[in-house]
Amino acid sequence: MASTALDRLHPKVRGLVEERGWTLTPIQNESVADLVDGKHRLLLAPTGSGKTEAAVLPLASRALWEGWEGLSILYVTPLRALNRDIDRRLAAMLEPLGLSVGLRHGDTTQKERTRQSRNPPNLLVTTPETTQIMLLGSRLRRHLAGLKAIVLDEVHDLAASERGSQLLVGIERIEDYCSAPIQRIGLSATVGNPNEVAKWMSDSTEPVIGPAPRTTRLLVHREPASPEDEVLSVEWSKSPGSVAAFRRLATLLMDDPPSLVFVNSRSAAETAAQRLASLVPEIKVGVHHGSLAPETRRDMEDALRAGELHGLICTSSLELGIDIGSIRRVHQLQSPRAVDRMLQRVGRAEHHIGGTGRGEILVWEVDDIAEGAVIARRAMAGEIEGVEWRTDPGVVAANQLLQMSMERGVVPLEKATEIIGRCSIFHEWSLDSTLAVLRVLDDRWLVRLVDEPSESDVTTWSAKLWKELASRSQGDAPAERPRWELEQSEADKEKWRRQFLPALPDSLKGGWFSPAGRLGKTRTEHISMIPDETSYRVRDVVTRKVLGSVDEAFVLTLGYGGEDSRGRARRFVMAGRTWQIIDADPEQEELVVAPVKETGEAPVWIGELPPVPQEVAEEVGRLRRSAAIAIGALPPEDGYLPFDAYPLSDDARQSLVSSVAEHVDATGELPDDRSITIEDRNGTVVLNTCRGSKVNETLAHFIQAMGSMREGKMGRALVDPYRIAFQVPGMTPQNVMEWLNETPPKALVSILRMTIPHGRAVRWRVVQVARRMGVLRKGVDPRKVNLDGLMQRYRGTPVIEESFDKLFHERMDVDATVDLLRQVQQEEVRVVHTVPGPLGMTPKGERDLLLPSWSDRELRERLEMRLLNERAVLICLNCKSRRRRRVERFGARIEPCSSCNGTMQACAPERMEAMLAEWVDSSDPKIRGKMEKNAELVRTHGLEAVMCLMGRGIAEETATRVLRGHIAGERVRLLRAIHNAELNYARTRRYWS
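For the record, in the sequence shown the residue sitting at position 955 is 972 according to this note's numbering, with numbers rising by one throughout.
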């Protein structure tokens, strides 16, 4: 009789399974035999299929049969919250078998860490970063040398990031201490290229696919706007459609709790919570994203489990397999932009075998309707994008070389190259690659490289190595390496080198490297591969409101006062307005801006939205054609899915069909998977191309570079997955058609490499790489660095080559763009010049390209409203009695003190009341003089003086200058003077004591 999967488990493990009444799931049945036999495997199954148990039960069986002792299994997860969840589950499973479980990450107490280093658990749950740190401790290294298996949870998340690449090299470093290969087991719910991801883990890993009876049901819905939504949209400064979506979401959360609501950014999560609360005050929603403190996130998870919330609004922080209890439904606001992300999110609903992942994608713009429909159809059909990663990533190699130098002290060049080269993503890595990176690190005093021992300065060799060689060789070299500040004669250096060379171990004869002085001071900066990006708040100097945030990549292009590299005041677009930067303050992480009339450009948004894959965007093009065929606007064709194959609500369907029909009526053409259309919109050239974020980004760089050759100006480009809008002086649609039809596809890479160094995207990546390789210190304001000089100095080195490689991988797809140019020139893809149509521009594009101007009247009204709504306090200099009220309620003349009838009353904003009282009571003649000047201004100028003193940064001296010569009643002139004084304060406030 054939043995079952259950029979392959150790009797104790089998007993535990039977005692708890578990039935092995498909993925557990499929994988047990291979895992018990010690094979490397990637386990793939829908969420809720029991993948964790599928990995751990066979490992527990091996541990019991083979008598594993000490630390034997590492369980690595990408999120700390996932750590806590896994730790709870595994402890309950393994401790009855006599196997201990521990948890170690950044929040683990020092007491617990010490206990683990003395007596480690059999299975340790940890993160990629903590795995790196453990290799630096001698006691923990000894425990890691006994490791038998490693489980990588959420492999798709790790494989797509530099964290995963770093972890792969870390595993090779651990394995170098082990007597036998470490068994590798990967777990993932959503992978479109299972064989490639299995090979990412190791060359001998194979995928195991466990089908599970789980279905996904999604609907894309556009809620029609009501008259109430129209009214509220004015107050919110949002479209009526978005207000209607929030209204529907609030109803769904109240009717069917608890639910998860996924959004695409942290700011969107906070905004959504505010919108829901304003619509339905009694609704209870939480917010969960990576910027919140760990305790806050835990409190939110616990509240959801306890049924205290109607819903939790979250970003990717809750995509992964954290147990947050019974979730009935998942809602997605706007398109999730990729199929794997949608499946991860909807997988949180009915998170168990046989469950149905139910979700609704709430959208209000046409692009999101089409994109959401394609993603929903592909998700339900299991058509998932492949995971992509960079090969031979130089920043990861630099990080690991630094780690190895801290770990080993003296590292043979051949050993370091061998460890990195064994890693699946470093197949092209060579000794020359290692040396190129080490020369940059040596130049920055992070390591000391000795690549030619017979030619090197022996006094730069590692002190530890010197001591060992001095004890093993014959000669008069001192037992300790001479101090670096003491000069030694060349004759002595030569004599000592001849003494030491014969005693060098064979492993070091090909050269080595060791830690240098700066590495010891900055070692904590070289642990994590998570990008450390600073985001800057954007604050309106007129209203003092925070408008949003931009990332450091945008601020990087500014001078110290907010001007650009040519000294001009920098303007940009946010919230549909143009703003001039008054000050960029790295200490406060704040941009202070003022509204202006001129045009600007859109900033780089924090976190750059995840790219829409090419296959999704191309199917959006096919969906447009299917919609046109369905209504008879275009003739039927083979090879297109019927329009009703897409899960659209009636309202969403009608909205998409209307847009497609209007576009075909207006232009006679349809931008789809086989056609590119070009429009001229009052000097803005729009290229409609359904090719996804990365191809369109590459096309935009190429066309913008070609356009800049006409009048020498780069202009600007606004890129999304379905169109590119250019505002480049002198560029015409005919030019774009010529460049697409006549540029040799092979020339694309050369054109990009010649022109991209001047762009913001590559300069930001140069900063990132330079920090990783020690060229820039963390915390240094990159605006204080001559980036052009830095790029020139490191041209041809891994610093610049790696920056290009990161840009091409993260933001572009050069190969696919070369293919597109080839298709255009072989007439497989049509390029047509048309009149403008509704699909050629989005609401955001209209805001950012056809910019409304600030009028003087608007600016003054907003400033006046803010000043009049301030609360002021008056303190009588005679009797010290106080009066508080809104500025608007003061008369033109300020009434005398109600207690003593005194007319000398000092004024300040109510928030400064305690300080004002202290100044009024002060006996310091200087402060007393200021208070008398303050009170005299109020007595003489009344309400206008009070308004002036409410201005930010306006005290007695500035108020005196503003009011000197002022004609009473000329409100606009007063407001202009106050505005200018506030601008001046914003520019100079950092330099005030």
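We put the CB at the ideal spot given by N, CA and C, even for glycine.
Treat the numbers as computed from the prediction; the structure is a model and nothing was measured.
For secondary structure counted as the beta strand (DSSP E) over 3 or more consecutive residues, the stretch 817 to 896 holds these complete runs in sequence order: 847 to 850, 888 to 893. A Cβ-Cβ separation of about 10 angstroms leaves Ala77 out of contact with Leu52 under the 8 angstroms criterion. The stretch 157 to 169 makes contact with the stretch 85 to 99, as at least three CB pairs between them are under 8 angstroms.
Counting only unbroken stretches of 4 or more residues, the alpha helix (DSSP H) elements lying wholly within the stretch 165 to 190 are 172 to 176, in sequence order. In the DSSP assignment, Leu933 falls within the alpha helix (DSSP H) that extends over 930 to 938. By the Cβ criterion, the stretch 736 to 751 is in contact with the stretch 627 to 639, since at least three pairs of Cβ atoms, one from each stretch, lie closer than 8 angstroms. Pro211 is the residue among Pro211, Gly438, Val428 whose C-alpha sits nearest the C-alpha of Glu402. Under the three-state reduction of DSSP, Arg800 is assigned to helix. Following the DSSP letters along the chain, one finds His238 inside the beta strand (DSSP E) bounded by residues 232 to 238. For the stretch 272 to 341, the continuous beta strand (DSSP E) assignments of 3+ residues that do not extend past its boundaries occur at 276 to 279, 302 to 305, 328 to 331, in sequence order.
Put simply, the backbone Cα of Gly649 is about 55 angstroms away from that of Arg201. Residue pairing from DSSP leaves Pro198 without any beta-bridge partner. In this structure, Val363 places its C-beta atom within 8 angstroms of the C-beta atom of Val347. Asn136 counts as exposed, since fewer than 16 other beta carbons sit within 10 angstroms of its beta carbon. Approximately 14 angstroms separates the beta-carbon atoms of Ser276 and Arg234; this is outside 8 angstroms, ruling out the contact. By alpha-carbon distance to Asn918, the top candidate from Arg900, Ala909, Pro926 is Arg900.
Only buried fits Pro145, as 16 or more other CB atoms lie within 10 angstroms of its CB.
The count of Cβ pairs closer than 8 angstroms, one atom from the stretch 327 to 334 and one from the stretch 265 to 281, reaches three, so the stretches are in contact. In the three-state reduction of the DSSP assignment, Gln491 falls in the coil class, being assigned neither a helical nor a strand state. Between Leu463 and Ala533, the C-beta spacing is below 8 angstroms.
Between the stretch 707 to 726 and the stretch 828 to 837, the count of C-beta pairs closer than 8 angstroms reaches three or more; the two stretches touch. By the Cβ-count criterion, Trp501 is exposed, with fewer than 16 other Cβ atoms from all chains shown falling within 10 Å of its own Cβ. DSSP places Leu608 in the uninterrupted beta strand (DSSP E) bounded by 607 to 612.
Within the DSSP bridge table, the entry for Phe530 names Val428, Leu466 as partners. Between Ser250 and Arg264, the alpha-carbon positions lie close to 12 angstroms from each other.
For Pro738, the three-state secondary structure derived from DSSP is coil. It is roughly 10 angstroms from the alpha-carbon of Pro664 to the alpha-carbon of Glu377. Nearest in C-alpha terms to Trp217, of all of Val609, Arg906, Val404, is Val404.
Between Val558 and Glu287, the alpha-carbon positions lie close to 23 angstroms from each other. Runs of the alpha helix (DSSP H) lying entirely within the stretch 615 to 670 and spanning at least 4 residues, in chain order: 631 to 647. Taking 8 angstroms as the upper bound for CB-CB distance, Asp357 and His173 are in contact here, some 6 angstroms apart. Judged by their CB atoms, Val745 and Val786 are not nearer to each other than the 8 angstroms cut-off. Counting other Cβ atoms within 10 Å of its Cβ, Asn997 stays below 16 and is therefore classed as exposed. Around the CB of Arg395, 16 or more other CB atoms lie within 10 Å, so the residue is classed as buried. The stretch 443 to 458 and the stretch 473 to 482 do not touch, with fewer than three beta-carbon pairs separated by less than 8 angstroms. When DSSP states are grouped into helix, strand and coil, Gly227 belongs to the coil group.
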